[in-house]
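Input: a single structure, listed below in structure tokens.
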Amino acid sequence: MDQENRRMENCMVCGEKLQYREKAIDLICSSCKRPDSGHIVCPNGHYICERCHNQDALRVIEEIILTTDSKDPHEIAELAFSFPGLPMLGCAHAYIAGGALMAALKNEGTTEATNEDIKEVFRRTRKQAHGGYCGLTGVCGIAPALGACVSVLTGSKCGKDKPQRTTMELVSGVTRAITDLTGPSCCKAYVRASLTVTVAFLEENFSIALPKGADSPCRYTTKHPHGCREKRCPYFSTKTPTL
């Protein structure tokens, strides 16, 4: 198992194998010392909160998203995947999904999306994308991240009619695409499939034609800490070199 895999499966403080609990317990982050509650803990009592765990990756993701000139959300997502410090799994992928879509829309020009809109999507994503909650509640953070994109574009909020329905319809489609790829979870497959669904949704509902993205066989097969789905995954290829 390589260094990135060990970081995903083992405590960042002492290296012990992490434990996944069914019920949350009160914890103190070993890094920032803030009180929190969590389900993924170290047997030696160490705990790293979501904010501290993702801060380096999120800083790089934001830089990629805000500076790219690509109009292809899949291409932008794959570029973000290639950052060596990105964990194989985790909610940084929700920011990649939402950010890649918004950056593509900004560069394509039809919606007049801005960097401030991208940052707003990140803020909303932060409220609902939490590590491990795909298994604990059945909601992957990628779904609300892409929902936030449509919400920003349409001005959706509680009490609105069509914009809220449109946002929920997109999220329903994204959730189905994710569900069809589950067993075990793979955030990178989820991002790819969810962007495909969202690009098609935008074309059908808003006449926005973003690139549909070329097939990108996965290069991260050996890095999955819970075991790659291999031939059950549409992005798997034995001919693709792994990173």
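Numbering (this note's numbering), first residue to last: -3 to 239. Cβ coordinates follow ideal geometry from the N, Cα and C atoms, glycine included.
(request) Report the three-state DSSP secondary structure of Val9 (helix, strand or coil). (result) In the sequence shown, counting from the first residue as 1, residue 9 sits at position 13. Looking at Val9 - three-state DSSP - the assignment turns out to be coil, as it is neither helix nor strand.
(request) Would you mind sorting Met(-3) into buried or exposed? The rule is 16 or more other CB atoms within 10 Å of its CB. (result) One-based indexing of the sequence shown puts residue -3 at position 1. Reliability fails at Met(-3), whose pLDDT of 36 lies under 50, so the model's placement of it is uncertain and no value is given.
(request) Work out the CA separation of Glu74 and Thr171 for me, nearest whole Å. (result) As a position in the sequence shown, residue 171 is number 175, starting the count at 1. As a position in the sequence shown, residue 74 is number 78, starting the count at 1. C-alpha separation (whole angstroms): 21 Å.
(request) Would you please state the rounded distance, in angstroms, between the beta carbons of His89 and Ile138? I believe it to be under 8 Å. (result) As a working mapping, residue 89 is identified with position 93 in the sequence shown. As a working mapping, residue 138 is identified with position 142 in the sequence shown. So it is a contact: roughly 6 Å between Cβ atoms.
(request) Could you check how far apart the C-beta atoms of Leu132 and His35 are, in whole angstroms? I think they sit under 8 Å. (result) Within the sequence shown, numbered from 1, the residue matching residue 132 stands at position 136. Within the sequence shown, numbered from 1, the residue matching residue 35 stands at position 39. Sure, about 6 Å apart at Cβ, within 8 Å.
(request) Pick helix, strand or coil for Gly94, following the three-state DSSP scheme. (result) Mapped onto the sequence shown, residue 94 falls at position 98. Correct three-state label for Gly94: helix.
(message) Short of 7 Å in beta carbon distance, which residues of its chain neighbour Cys25, apart from the five on each side in sequence? Order them along the chain.
(response) By one-based count along the sequence shown, residue 25 stands at place 29. Asp32, Tyr43, Ile44, Cys45 and Cys48.
(message) Looking only at its chain, what residues have a beta carbon closer than 7 Å to the beta carbon of Cys145, apart from the 5 residues adjacent to it on each side?
(response) Taking the first residue of the sequence shown as 1, we reach residue 145 at position 149. Once the five neighbours on either side are set aside, the close Cβ partners of Cys145 are Gly94, Leu97, Met98 and Val117.
(message) Here's a check: name, in chain order, each residue in its chain whose Cβ is nearer than 6 Å to the Cβ of Pro159, leaving out the five neighbours to either side.
(response) Mapped onto the sequence shown, residue 159 falls at position 163. Correct list, in chain order: Thr150, Gly151 and Ser152.
(message) Taking a contact to mean a Cβ-Cβ separation below 8 Å, would you say Thr194 touches Leu142 in this structure?
(response) Within the sequence shown, numbered from 1, the residue matching residue 194 stands at position 198. Within the sequence shown, numbered from 1, the residue matching residue 142 stands at position 146. Yes.
(message) Counting C-beta neighbours from all protein chains within 10 Å, is the total for Gly41 16 or more, i.e. buried, or is it exposed?
(response) As a first step, residue 41 is located in the sequence shown; it is residue number 45 there, counting from the start. When all chains shown are included, Gly41 counts as exposed.
(message) Does Ala20 come out as helix, strand or coil in the three-state DSSP assignment?
(response) Taking the first residue of the sequence shown as position 1, residue 20 is located at position 24. Here Ala20 sits in strand by DSSP.
(request) Please state whether DSSP places Ser33 in a helix, a strand or coil. (result) Here residue 33 refers to the residue found at position 37 of the sequence shown. Looking at Ser33 - three-state DSSP - the assignment turns out to be strand.
(message) Let me check understanding here. Comparing Cα to Cα, which of Cys224, Val135, Leu198 and Cys214 lies closest to Lys208?
(response) Working through the sequence shown from its first residue, we reach residue 208 at position 212. Of Cys224, Val135, Leu198 and Cys214, the residue nearest in Cα terms is Leu198.
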